[in-house]
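J.: The opening residue of the sequence shown carries number 1209 in our numbering; numbering runs sequentially from there.
We put the beta carbon where it would ideally sit given N, CA and C, even for glycine.
Please see the structure below; I have some questions.
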Amino acid sequence: MQRCPIHPKDDGRGATCVSISITNAAALLTRTVSARIPTAYGAFQLFHYQSARDGKEHLALVMGDVTGSAGALTRVHSECMTGDTFGSLRCDCGEQLHMAMQRIAEAGSGVIIYLRQEGRGIGLAQKLRAYNLQDEGYDTVDANLMLGHQADEREYWAAADILRDLGVAGVRLLTNNPAKIEELRRYGINVVERVALQPSVHGDNAAYLQTKVTRMRHLLQLPAAPATLAGSTLTPDLAARVRLLQERGWRHFAQTRTPFVTLAYAQSLDGSLAATPGKPLALSGAAALTLTHALRAAHDAILVGVGTVLADDPRLTVRLVAGADPQPVVLDSTLRTPATARLFDHPRGVWLFTTERSCPCDRAALAARGADITVLPADAAGRVELAALLATLAQRGVRTLMVEGGATVLSGFVAAHLVNYAVVTLAPRLVGGLHAFQHSLNGAAPQLAQVAYTQAGADLIVWGEPQWLATPV
């Protein structure tokens, strides 16, 4: 067992004791045992600490060698059973924990300190009482105060001493909370950098996150209030499904280092995307459109083909729910995207992926409009090679990709077996037009497994994981 570098006292049972600095030199923090913990993000070593000061067990989840590190990627995380364990959408705790694990896995080393101070230090029962007050209209700060607590009762002496025990000389702290930085520095920890964690924003946590910004000094970039449509409220069930899909995508990327691809599109009962090729057709109702925007907010990037750009002139932004805009990606083998397309006004800019078939003059013209243009190999049909596309997106940090269409793009991803999940909206109407799959699927038509059916207004939503019955030629 690695021994702590400060005040080690072996108790004869393999435990290591550390004197608590600054606050009480007589108090002890004892490291008792550690074990390897394999996770979806890779293997960590979990260290268990017993505190004689507060009587609690604290944990450190460590990847790689952090001894002597002057800038170890570090997350100091306070226990949140509702968010960490049950996936509650009321807060961003569970999401931040998973984001931290992924960031550390990508870096190859780092530390997550897990402090047992539920509910910002007030305990689980009181936190649930605070939730009830929040449901009556009080914010997260006032709810704590009404129960006789401080807004935040957490302490960070244990985190500081655990870091010293692990031999960490300095940290790059994964946090949005400046108070956490100040407290660690007060306990002698060298915080060399703050690394932001941008959470998903949705109807269940938007007010909570806004309170953290306005009343607790948290450093978050929150989107403007979403637009609304009649009947557009996202139900808790749909919101939970979107959140679970997002987390599934993160785990997939952590394990494979390839983007998790979600096919998400709307069709009529007879399988039509549009009545006439090249002309847009509104199929989804307000509730299903809201779900589409929630799915957009849950993905890092959103992809369409140039045919969709020409027919619909889409914005590919998030407007009907609170959430960040995904990175727009367009497949355009010959660069037919017009310079007047609304995507050039997208706040994140547009990524155009093309082939050598495109004219260099068009590349220069669209680059002058602000497009990020990448030339990739072409497949046998002369279109952008999708495996090369996904590899490039992974290199750019895209973990999850939502593919909205059109028919050629949908067919290409399915035929290449590059779809990890499908969310298909069935509108209760007959169109008799352009079908979703116009091209050969190489004899490999998939069926959906783990299928779930939900309703959004009058539309039926089918959720499932594609499974192919044959191998592509």
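1. Within this structure, are the beta carbons of A1586 and E1612 separated by less than 8 Å?
2. Comparing the C-beta of V1670 with each C-beta of chain C, is any distance below 8 Å?
3. Quick check on this structure: which residue in A1368, V1627 and F1461 has the alpha carbon closest to the alpha carbon of H1266?
4. Considering only C-alpha positions, which residue in the set T1582, S1277, F1552 and R1607 is nearest to R1372?
5. Helix or strand or just coil, what does DSSP make of R1607?
6. Between E1326 and E1363, what straight-line distance do the alpha-carbon atoms span, to the nearest angstrom?
7. Taking P1407 as the reference, which of R1239, D1533, M1289 and D1343 has the closest Cα?
8. In this structure, does DSSP put E1287 in helix, strand or coil?
9. Please confirm if the stretch 1494-1508 is in contact with the stretch 1661-1672, defined as three or more CB-CB distances below 8 Å between the two stretches.
10. Quick check on T1466: does DSSP put it in helix, strand or coil?
11. Which word fits M1354, buried or exposed, when buried means at least 16 other C-beta atoms lie within 10 angstroms of its C-beta?
12. Starting from the N-terminal side, write out each stretch of the beta strand (DSSP E) that is 3 residues or longer and does not extend beyond the stretch 1351-1403.
13. Which residue from G1291, L1254, L1236 and R1402 puts its Cα closest to that of G1263?
14. Which term fits E1390, buried or exposed, when burial requires 16 or more other beta carbons within 10 angstroms of its beta carbon?
15. State the beta-bridge partners of L1730 as determined by DSSP.
16. Starting from A1496, trace the alpha helix (DSSP H) both ways and give me its first and last residue.
17. Could you tell me whether the Cβ atoms of A1268 and V1349 are closer together than 8 Å?
18. Does the beta-carbon distance from A1248 to A1506 come in below 8 Å?
19. Report, in whole angstroms, the separation of the C-beta atoms of L1381 and R1402, which I expect to be a contact under 8 Å.
20. In the DSSP output, which residue or residues are listed as bridge partners for Y1257?
21. Just verifying my parser: in three-state terms, what is the DSSP assignment at S1566?
22. For the stretch 1627-1635 against the stretch 1462-1471, do three or more pairs of beta-carbon atoms, one drawn from each stretch, fall closer than 8 Å, so that the two count as touching?
23. Within the continuous beta strand (DSSP E) that includes T1582, where are the two ends?
T.: Taking the definition as stated:
1. Residue 1586 sits at position 378 when you count from the first residue of the sequence shown. Residue 1612 sits at position 404 when you count from the first residue of the sequence shown. Contact: no.
2. The question asks about chain C, but that chain is absent: this structure has only one protein chain.
3. Counting from one through the sequence shown, the residue named residue 1266 turns up at place 58. In this structure, A1368 is the residue among A1368, V1627 and F1461 with its C-alpha nearest to the C-alpha of H1266.
4. As a working mapping, residue 1372 is identified with position 164 in the sequence shown. Answer by Cα proximity: S1277.
5. On the sequence shown, position 399 is the one that residue 1607 refers to. Here R1607 sits in coil by DSSP.
6. Numbered from its first residue, the sequence shown carries residue 1326 at position 118. Numbered from its first residue, the sequence shown carries residue 1363 at position 155. Near 12 Å, if we compare the C-alpha coordinates of E1363 and E1326.
7. Locating residue 1407 in the sequence shown gives position 199, counting from the first residue. Taking only the C-alpha atoms, the option nearest P1407 is D1533.
8. Stepping through the sequence shown from its first residue, residue 1287 is reached at position 79. DSSP places E1287 in the coil class of the three-state scheme, outside both helix and strand.
9. yes
10. Position 258 of the sequence shown, counted from the first residue, corresponds to residue 1466. Residue state, collapsed to three classes: coil.
11. Stepping through the sequence shown from its first residue, residue 1354 is reached at position 146. M1354 is exposed by the Cβ-count criterion.
12. Counting whole runs of 3 or more residues, the stretch 1351-1403 contains the beta strand (DSSP E) stretches 1379-1382 and 1399-1403.
13. Locating residue 1263 in the sequence shown gives position 55, counting from the first residue. Nearest of G1291, L1254, L1236 and R1402 to G1263, Cα basis: L1236.
14. For the purposes of this step, residue 1390 is taken as residue 182 along the sequence shown, with counting starting at 1. It counts as exposed.
15. The shown model of the chain, from 1209 to 1681, leaves out residue 1730, and the question about it has no answer.
16. As a position in the sequence shown, residue 1496 is number 288, starting the count at 1. That run of the alpha helix (DSSP H) goes A1494 to A1505.
17. Position 60 of the sequence shown, counting from 1, holds the residue named residue 1268. Position 141 of the sequence shown, counting from 1, holds the residue named residue 1349. Not a contact, by the Cβ cut-off of 8 Å.
18. Translated into the one-based positions of the sequence shown, residue 1248 becomes position 40. Translated into the one-based positions of the sequence shown, residue 1506 becomes position 298. Cβ atoms of A1248 and A1506: not closer than 8 Å.
19. To locate residue 1381, count along the sequence shown from 1; it is residue 173. To locate residue 1402, count along the sequence shown from 1; it is residue 194. Indeed they touch by this definition, with Cβ atoms about 6 Å apart.
20. Along the sequence shown, one-based indexing puts residue 1257 at 49. DSSP lists R1239 and H1266 as the beta-bridge partner residues of Y1257.
21. Position 358 of the sequence shown, counted from the first residue, corresponds to residue 1566. Three-state result, S1566: coil.
22. yes
23. Taking the sequence shown and counting its residues from 1, one reaches residue 1582 at position 374. Run containing T1582: D1580 to V1583, per the beta strand (DSSP E) assignment.
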